[in-house]
């Protein structure tokens with residue numbers, strides 16, 4: 192209703208801004224407090240970077256951050272490779288049971304992570320893998336994989352297969368067709384899928400929480416255990432960095448994908 | 024487009040699909056089956072412990088009303104958070120889809136979606152910082168009244184609801200926005216030109232057409248909220264016992280894995296019942312978005 196009642200749409204726009212304030216205000220407050228000198232979050236505000244310096248000096252946090260990054264990077268590589276292959280097959284071939292395979296992508300997304308995480312814990316113990324970084328990695332890849340397939344599939348849906356035919360009829364080999372026609376078309380979807388996979392892994396708390404060994408924690412698990420002990424500005428500082436990294440990855444992903452919105 | 028399988032194609036398709044689905048089987052589907060198996064055991068079968076098949080873990084759920092009460096509490100929390108998300112989110116989605124145009128819409132849409140994809144644990148922690156006694160909210164309230172204000176919202180059920188609404192609101196806005204965007208403006212124009220007032224247009228046209236998207240968003244909020252445990256732990260304090268936190272306890276504190284597995288499975292059954300009841304609506308929503 193473009194011209195439907197000036198005051199009503201003005202009210203709506205004001206509502207939208209209020210919701211945006213609701214979404215961002217706590218994050219901004221948290222970030223500001225990480226630059227406040229008082230260890231007890233006391234106001235008035237006094238600028239300081241001591242909490243970031245403390246972070247840098249904290250070997251446990253540095254190790255957890257490195258572990259999180261390595262797991263996220265490995266997850267991204269594996270989930271992207273496997274996910275792109277599956278997406279390509281689901282796009283290209285018609286076969287019986289395809290609808291089932293597509294439906295099987297949704298349980299890892301739709302079932303609460305609490306259930307998936309505890310189930311993984313039980314199973315990994317049962318097969319002798321136990322807890323630790325390999326278990327966390329296997330779990331993260333499984334959670335990230337469906338997102339990659341869905342994002343790449345969405346990109347492929349707009350692909351015109353006559354382009355491949357044209358290339359073939361001009362004498363290109365199958366490898367040439369894949370490298371010069373199909374893959375360049377897929378590329379933005381692949382990049383977006385990879386960035387989603389990175390975000391899913393880097394931000395994953397619930398599944399990591401059940402699968403990580405104490406002393407072998409990822410960054411979110413370490414943040415959670417620290418929060419349970421009490422709030423410190425150091426947690427604000429590391430949280431600010433974490434949210435900065437994941438927002439940067441997602442803004443990059445947004446350049447390559449439209450998050451399901453038509454634009 | 025998908026082509027029927029030629030002779031070599033079946034092998035190629037299998038080669039491309041097998042790694043991904045093998046991984047999902049090993050990391051999701053087998054574990055879920057293992058959990059069902061585990062929930063029927065008397066004891067965790069590790070380190071040579073004695074175990075036998077039993078329904079005791081499920082009987083435990085019905086033996087006392089502790090678990091049922093907590094499950095009901097979690098379901099109520101899910102309903103509250105979902106209702107709030109729908110009421111707050113629908114006007115946003117409407118404004119985004121029908122009032123704002125062009126690049127401003129793109130930017131605002133991204134701003135709404137961005138927090139949703141960023142770290143949920145950190146966002147919940149940020150509310151703890153805002154709501155804590157003598158925190159940012161108390162300070163803000165103090166500006167508008169005289170004296171020392173203590174709202175004392177942290178470690179209350181209200182704090183849990185606020186944190187969860189903050190976590191899941193973007194979901195409802197996203198799905199509703201997609202449904203609203205699919206409504207042709209000329210349809211609304213036509214209804215108006217035939218004399219329908221604003222309320223009639225909303226009730227007879229906009230609401231029915233956006234319902235699939237709204238319902239999809241509601242399900243996507245309700246399911247994870249019923250299974251939430253981290254948000255109640257951080258924001259709920261001593262009011263923070265829910266069905267999810269009891270399951271967490273069985274695995275990380277009490278170490279009664281078979282009971283934890285049974286409780287997880289009961290939660291999964293509830294979730295699956297809700298998802299399958301909503302499946303027709305979800306399919307329609309997917310169709311509208313595609």
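Residue numbers (this note's numbering), protein chains in the order written: chain R, 192 to 454; chain G, 24 to 313.
Just so you know, even glycine gets a beta-carbon here, dropped at the ideal spot from N, CA and C.
Predicted, not measured: the structure shown is a model, and the values here were computed from it.
Asked, Found
"Residues near residue 252 (chain G) in its chain [Cβ-Cβ closer than 8 Å; skip 5 each side]", "265, 267, 268, 270 and 271"
"Residues that residue 217 (chain G) contacts on chain R, provided the C-beta gap is smaller than 9 Å", "The contacting residues do not exist; residue 217 (chain G) stays about 15 Å from chain R at best."
"Min CB distance residue 249 (chain R) to chain G below 9 Å", "no"
"Collapsed DSSP secondary structure at residue 276 (chain G) in the structure displayed", "coil"
"Amino acids of chain R, ordered along the chain, whose beta-carbon sits closer than 8 Å to that of residue 315 (chain G)", "An answer regarding residue 315 (chain G) cannot be provided, because it is not within the stretch 24 to 313 covered by chain G."
"Beta-bridge partners of residue 64 (chain G), as assigned by DSSP", "G:76"
"CB of residue 410 (chain R) within 9 Å of CB of residue 433 (chain R), strictly", "yes"
"Cβ distance (whole Å) where residue 244 (chain G) is taken to contact residue 297 (chain G) below 8 Å", "Wrong, their Cβ atoms sit about 11 Å apart, outside the cutoff."
"Identity of the residues DSSP links to residue 238 (chain R) by a beta bridge", "R:227"
"Assumed close pair residue 232 (chain R), residue 224 (chain R) - CB separation to whole angstroms, cut-off 8 Å", "6 Å"
"C-beta contact flag for residue 148 (chain G) and residue 306 (chain R) at 9 Å", "no"
"Straight-line gap, residue 193 (chain G) to residue 135 (chain G) (C-alpha atoms, nearest Å)", "6 Å"
"Residue 218 (chain R) versus residue 361 (chain R) - alpha carbon distance", "56 Å"
"Cα-Cα separation, residue 429 (chain R) to residue 377 (chain R)", "35 Å"
"Distance, residue 401 (chain R) Cα to residue 274 (chain G) Cα", "8 Å"
"Simplified DSSP assignment, three categories, for residue 405 (chain R)", "coil"
"Contact check, residue 393 (chain R) vs residue 440 (chain R), beta carbons under 9 Å", "yes"
"Residue from G:160, G:138 and G:200 whose Cα sits closest to the Cα of residue 182 (chain G)", "G:160"
"Distance CB(residue 282 (chain G))-CB(residue 80 (chain G)) smaller than 9 Å", "yes"
"Minimum Cβ-Cβ distance from residue 32 (chain G) to chain R less than 9 Å", "yes"
"Within 9 Å, strictly: CB atoms of residue 292 (chain R) and residue 281 (chain R)", "yes"
"Chain R contact for residue 233 (chain G) (CB, 9 Å cutoff)", "no"
"Sub-9 Å separation of residue 455 (chain R) and residue 274 (chain R) beta-carbons", "With chain R represented from 192 up to 454, any question about residue 455 (chain R) goes unanswered, as that position is not in the structure."
"Backbone CA spacing between residue 206 (chain R) and residue 197 (chain R) [nearest angstrom]", "14 Å"
"Own chain residues within Cβ distance below 7 Å of residue 452 (chain R), not counting five before or after", "In this predicted model, residue 452 (chain R) has a pLDDT of only 43, less than 50, meaning its place in the structure is not dependable enough to derive any value."
"Between the CA atoms of residue 36 (chain G) and residue 358 (chain R) - distance to the nearest angstrom", "22 Å"
"Buried or exposed (CB count within 10 angstroms, at least 16 for buried), residue 353 (chain R)", "exposed"
"Nearest to residue 207 (chain G) (by Cα), restricted to the options G:221, G:233 and G:197", "G:233"
"Coarse secondary structure for residue 348 (chain R), derived from DSSP in three states", "coil"
"Residue 209 (chain G) versus residue 40 (chain G): straight-line alpha-carbon distance, rounded", "44 Å"
"Unbroken alpha helix (DSSP H) run spanning residue 367 (chain R), endpoints", "365-368"
"Limits of the unbroken alpha helix (DSSP H) element including residue 134 (chain G)", "125-140"
"Proximity to residue 287 (chain R) [Cα-Cα], best of G:220, G:33, G:216 and G:223", "G:33"
"Expected contact under 8 Å - CB spacing of residue 156 (chain G) and residue 186 (chain G) to nearest Å", "Residue 156 (chain G) to residue 186 (chain G), Cβ: 17 Å. No contact."
"CB contact check: residue 244 (chain G) to chain R, cutoff 9 Å", "no"
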